[in-house]
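If you read the sequences in order, they're chains A and B. As numbered in the working numbering, residues 414 to 827 make up the first sequence, in order. As numbered in the working numbering, residues 1106 to 1379 make up the second sequence, in order. The block underneath contains the structure these notes are about, expressed in structure tokens.
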Amino acid sequence: MNKKPRYGEDILWQPDAPVWEVVPLAEYILPSFVGLGSAVKKWTSLQRIFRRSSETSSSPARSEAELRALSQVRLENLAPPINWSLAARALDMALHDWLRDEHPEPPVRFFIGQPWCDYAAILRQWAKIHDAALIAPPDPGQILQSDARWVQLREHHDRLWVMPRLERLFVRHADGRGLVRDFLERATSGSIGRGIIGCDSWAWAYLQRVWPLAQPDALTMQAFDGEKLTRLFACLAQTEASEHVQFCNAKTGNPVLPECEDIVQGAYTISRELKQLAAHCRGNPGTAWSYWRHRLRSEPDVDGSSPIPEDSLGKKGGEDVVWLAADLVEPSMPMEADEDMAFVLHGLLLHNGLSADMLAEILPLSRSWIMSLLLRLLRCELVSRDGQCWHVSALAYATVREFLRTRDYLTDQF
Amino acid sequence: MNDAIKASQIFKPFTADTLVYLLVIVATAAVLIFITRRLVPWIANRLHGKRRLVLLAGESVLRLLIILAALLLCIPLVIEPSLQSMIAVFSAVGLAVGFALKDYTSSLVAGIVAVGEMPYRNGDWIEVNGVYGEVQCVGMRTVSIVTPDDTMVSIPHLKIWTELILNANNGGPSLQCATDFFLHPRHDAAQVRQVLEDVALTSPYLQINKPIAVIVEEKPWGTRYRLRAYPVDPRQQFRFITDLTVRGKAALARLEVSFSTLPVTMMDLPGSEK
């Protein structure tokens, strides 16, 4: 079997059109739906409004039903986690002039990231490049007590510093915003030196109201459109174990992802599936990656050593074929989704994840009721749990965002 | 003989066919109105914010259109469609109804005006004659509102001629809520004001894009703070005020500010300022 040449990260770092691009917030361009994609999305949300029970989405086509989800090992080979180090490089380029300036104005730059885009990892990488001091967030007790010592400890920094997660500096509680206000006041006035603050987009939207920050220079990652997703997923799929893998639409059989060599030569077309995915995810690469992994399918027994002939094992012209489920199956809101559920989901998004105890502190609901809501949401796959911390799950993010937006709750600006 | 001729010129001969047509039209209109009354609120209550209120308001307009259409179809079946006969019939009917059922007719006319001018729509929160509640149905003669105590109150439309109609949200999702706090006069007012603004910002009910205001008034018995803010949905107003009160009291207690206790009885006195 011929081994294909590996292109590494060349695919992601073409000087004329880099995949990772850091831009001011106002320059974020939302990917648009292709063809009837927008109408289909509206029709789906209309169906959700009038659906009587919390049934899941329509069953997939028979051929798709016969396909199986990829094993964890195969997924790790074909769609491993995104390496955010190139994003750190893009951030570094965006901050180049600011870093060279001896007396930069403003002394602090903000880097805003969407949920499931690991902006904290990007900032940690960046801090490593510049040997910058990483500021660890206070614990919840310090936040509620507005512990002045925590802020004072940050004073007179000669070193460049990075605060990767500003949303860990406040809670939506009457006593939970003093610390973030103090910190922002000192940081933006330059009294703690030069630094970069990372913040989740939802927390940023809320903080704009708590402590209005005129920050036209705030940066963010440019949206991932169909082209960027194509290059990102093609790069991720390049592993030793995935030689000659072809990604095809399970319904139409059309290839979804071009060959890496075609991408490098610029001779490729962007599949409709990836354009739609980019639009559905509003340019968020983190959630797009989760959908991508969730939709990958293989023929039965392709992972094991089955005596079934090669043709029926998803081999096409000597290449492994991995199928992409045609339907974008995602968790849907339960029919009984009410105000309390909206509060819990909104609280989780505003803080980029919270524990049940902290949710009980900030919401007018008892802890036991919050736990019952969280467990119901977990069963619907709308939230996920990471130790004590609950998050809105990546596959449910678009649904939850739409649910909150239609109810006039504060949403992020992406 | 002359009167009989005139009547025959005005009215068409009333046959069994005419009766059937009339019944079909009336029945169809009744069914359509019934469906509209059920279907529109059913759809609207699955939506939120402005879309819900627009749809709810459309229900009464739709009903009026159905009634008008039914009348336009019925009249030519009974009356010769000439200007002369129309004037004669409507004058006679108007005179009779005007004397016998003056208030009823006035309410019906006011109902049409209410649908057109929209001093209230379905989904609005209104106060008429001291009764406050959410408009459930703008009928032909009355407007039905449900009070916070879950009591249905029917108010004749003719009130719009004489009474003040207070509409808290006026067809939109923005409804301002005011939460009062009464404090002992010895305290740092600037700090309390800041704390109360913060309290509003912490409530999950808050419509965060709307302004928050704290009005401070010095009274003989202490200081009155009025926290004004908007909930996400008008239907949340009482839960919002409760939440603000609970959070506000907790935050003020942490400041060790004394609450005013004397004015409670004074405020309740008849004629005292609200």
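Quick reminder that beta carbons are idealized off the backbone N, C-alpha and C, glycines included.
### Task
Would you kindly check if the distance between the Cβ of A:Ile525 and the Cβ of A:Trp433 is under 8 Å?
Residue 433 of chain A sits at position 20 when you count from the first residue of the first sequence. Residue 525 of chain A sits at position 112 when you count from the first residue of the first sequence. No. Outside cutoff.
### Query
Using a beta-carbon distance below 8 Å, is B:Arg1352 in contact with chain A?
Reading the second sequence from its first residue, position 247 is the one you call residue 1352 of chain B. Interface residue, yes.
### Query
Within the chosen definition, does the segment 809-827 of chain A reach the segment 753-764 of chain A through at least 3 CB pairs nearer than 8 Å?
yes
### Task
With 9 Å as the C-beta to C-beta threshold (strictly closer), list the residues of the segment 1295-1314 of chain B near chain A in chain order.
Val1300, Asp1303, Val1304, Leu1306, Thr1307, Ser1308, Pro1309, Tyr1310, Leu1311, Gln1312, Ile1313, Asn1314
### Message
So B:Asp1348 contacts chain A; which residues on that side make the cut at Cβ distance below 9 Å?
### Response
For the purposes of this step, residue 1348 of chain B is identified with residue 243 of the second sequence, where counting begins at 1. Those within 9 Å of B:Asp1348 in chain A are Pro777.
### Query
Based on Cα-Cα distance, which residue from A:Ala540, A:Tyr441, A:Ser559, A:Val486 lies nearest to A:Ser614?
In the first sequence, counting from the first residue as 1, residue 614 of chain A sits at position 201. The residue with the shortest Cα to Cα distance from A:Ser614 is A:Tyr441.
### Message
Suppose contacts are defined by Cβ-Cβ distances below 8 Å. Is A:Leu642 in contact with A:Ala701 by that definition?
### Response
Position 229 of the first sequence, counting from 1, holds the residue named residue 642 of chain A. Position 288 of the first sequence, counting from 1, holds the residue named residue 701 of chain A. Yes, these two residues count as a Cβ contact at 8 Å.
### Message
I need the boundaries of the beta strand (DSSP E) containing B:Asp1303, first residue and last residue.
### Response
Taking the first residue of the second sequence as 1, we reach residue 1303 of chain B at position 198. No beta strand (DSSP E) contains B:Asp1303, which is instead part of the alpha helix (DSSP H) from 1294-1307.
### Query
What is the DSSP secondary structure of B:Met1106, reduced to helix, strand or coil?
The count along the second sequence starts at 1 and reaches residue 1106 of chain B at position 1. Caution is warranted here: a pLDDT of 46 is assigned to B:Met1106, below 50, making its placement in the model unreliable, and no coordinate value can be reported.
#### Entry: Local conformation of B:Ile1265 per DSSP, three classes
Here residue 1265 of chain B is taken as the residue at index 160 of the second sequence, counted from 1. Correct three-state label for B:Ile1265: helix.
### Collapsed DSSP secondary structure at A:Ser472 in the structure displayed
Taking the first sequence and counting its residues from 1, the one referred to as residue 472 of chain A is at position 59. At A:Ser472, the pLDDT of 43 sits below 50, so the modelled position is not reliable; the number obtained from the coordinates is stated separately. Reduced to three states, the DSSP call for A:Ser472 is coil.
### Message
Let's test the definition: count the other Cβ atoms within 10 Å of the Cβ of B:Trp1147 and tell me whether it reaches 16, buried, or not, exposed.
### Response
Numbered from its first residue, the second sequence carries residue 1147 of chain B at position 42. It is exposed - the Cβ of B:Trp1147 has fewer than 16 other Cβ atoms within 10 Å.
### Message
I'd like the ranges of any alpha helix (DSSP H) spanning at least 4 consecutive residues and lying wholly in the segment 739-812 of chain A.
### Response
752-763, 769-775, 780-792
### Buried or exposed by the 16-neighbour rule on C-beta atoms within 10 Å, applied to A:Met634
On the first sequence, position 221 is the one that residue 634 of chain A refers to. So A:Met634 ends up on the buried side.
### Query
Straight-line CA distance for B:Ile1217 to A:Gly639?
If you number the second sequence from 1, residue 1217 of chain B lands on position 112. If you number the first sequence from 1, residue 639 of chain A lands on position 226. Rounded to whole angstroms, B:Ile1217 to A:Gly639 spans 54 Å at the Cα level.
### Message
What does DSSP give as the partner residue(s) for B:Asn1272 in the beta ladder?
### Response
Start at 1 with the first residue of the second sequence, and residue 1272 of chain B comes out as number 167. For B:Asn1272, which the question treats as bridged, DSSP gives the partners B:Ile1231.
### Task
Taking only the alpha-carbon atoms, compute the straight-line gap between A:Gly717 and A:Leu649 and give it to the nearest angstrom.
Within the first sequence, numbered from 1, the residue matching residue 717 of chain A stands at position 304. Within the first sequence, numbered from 1, the residue matching residue 649 of chain A stands at position 236. Because A:Gly717 sits at a pLDDT of 46, beneath the cut-off of 50, its placement in the model cannot be relied upon, and the following sentence gives the value as read from the coordinates. So the alpha carbons of these two residues sit roughly 23 Å apart.
### Simplified DSSP assignment, three categories, for A:Gln659
In the first sequence, the residue the question calls residue 659 of chain A occupies position 246. Looking at A:Gln659 - three-state DSSP - the assignment turns out to be strand.
### Query
A:Ile676 and A:Arg644: beta carbons closer than 8 Å?
Residue numbering aside, residue 676 of chain A sits at position 263 when the first sequence is read from its first letter. Residue numbering aside, residue 644 of chain A sits at position 231 when the first sequence is read from its first letter. The answer is yes: Cβ separation under 8 Å.
### Message
Please return the same chain residues whose Cβ sits closer than 6 Å to the Cβ of A:Pro444, not counting the five positions on each side in sequence.
### Response
Reading the first sequence from its first residue, position 31 is the one you call residue 444 of chain A. Around A:Pro444: Ala636, Asp638, Ala691, Ala692, Gly696.
### Query
Shortest alpha-carbon distance to B:Pro1181 belongs to which of B:Lys1117, B:Arg1226, B:Val1159, B:Ile1192?
Position 76 of the second sequence, counting from 1, holds the residue named residue 1181 of chain B. The shortest C-alpha separation from B:Pro1181 is found at B:Lys1117.
### Task
Measure the C-alpha to C-alpha separation of B:Leu1127 and B:Glu1185 and round it to an integer number of angstroms.
Residue 1127 of chain B sits at position 22 when you count from the first residue of the second sequence. Residue 1185 of chain B sits at position 80 when you count from the first residue of the second sequence. For B:Leu1127 and B:Glu1185, the distance between alpha carbons rounds to 15 Å.
### Message
By the DSSP assignment, the beta strand (DSSP E) with A:Val575 in it spans what residues?
### Response
Position 162 of the first sequence, counting from 1, holds the residue named residue 575 of chain A. Start and end: 574-576.
### Task
Flag B:Gly1276 as yes if its beta-carbon sits less than 8 Å from any beta-carbon of chain A, otherwise no.
By one-based count along the second sequence, residue 1276 of chain B stands at place 171. So no, B:Gly1276 is outside the interface.
### Task
For A:Gln527, collect the residues of the same chain with a Cβ closer than 6 Å to its Cβ; drop the 5 residues on either side in sequence, then sort them by chain order.
Here residue 527 of chain A corresponds to residue number 114 of the first sequence, with the count starting at 1. Counting only Cβ-Cβ distances below 6 Å, and skipping sequence neighbours, we find Ser614, Asn697, Phe827.
### Task
Establish whether the CB of A:Leu823 and some CB of chain B are separated by less than 8 Å.
As a first step, residue 823 of chain A is located in the first sequence; it is residue number 410 there, counting from the start. It does; some Cβ of chain B falls within 8 Å.
### Task
Measuring only between beta-carbons, confirm whether B:Gly1154 sits less than 8 Å from chain A.
Here residue 1154 of chain B corresponds to residue number 49 of the second sequence, with the count starting at 1. Closer than 8 Å: yes.
### Query
In three-state DSSP terms, what is A:Ser484?
If you number the first sequence from 1, residue 484 of chain A lands on position 71. The answer is coil: DSSP assigns A:Ser484 none of H, G, I, E or B.
### Query
Between A:Phe523, A:Leu758, A:Leu592, which lies nearest to A:Leu795 when the distance is taken from Cα to Cα?
Along the first sequence, read from residue 1 onward, the residue named residue 795 of chain A stands at position 382. When each option's Cα is compared against that of A:Leu795, the closest is A:Leu758.
### chain B contacts from the segment 620-636 of chain A (Cβ-Cβ distance under 8 Å)
Arg622, Val623
### Message
With a threshold of 8 Å between beta carbons, is B:Phe1364 in contact with chain A?
### Response
Locating residue 1364 of chain B in the second sequence gives position 259, where the first residue counts as 1. No, no contact with chain A.
### Query
Taking the Cβ atom as the reference point for each residue, do B:Pro1336 and B:Leu1263 lie within a distance shorter than 8 Å?
Mapped onto the second sequence, residue 1336 of chain B falls at position 231. Mapped onto the second sequence, residue 1263 of chain B falls at position 158. Against a cut-off of 8 Å, the Cβ pair of B:Leu1263 and B:Pro1336 comes out as no contact.
### Query
Count the other CB atoms within 10 Å of the CB of A:Met576; is the residue buried (16 or more) or exposed (fewer)?
As a working mapping, residue 576 of chain A is identified with position 163 in the first sequence. Label assigned to A:Met576: buried.
### As assigned by DSSP and simplified to three states, the class of A:Ile610
What you label residue 610 of chain A is simply residue 197 of the first sequence in a count that begins at 1. Of the three classes helix, strand and coil, the one that applies to A:Ile610 here is strand, per DSSP.
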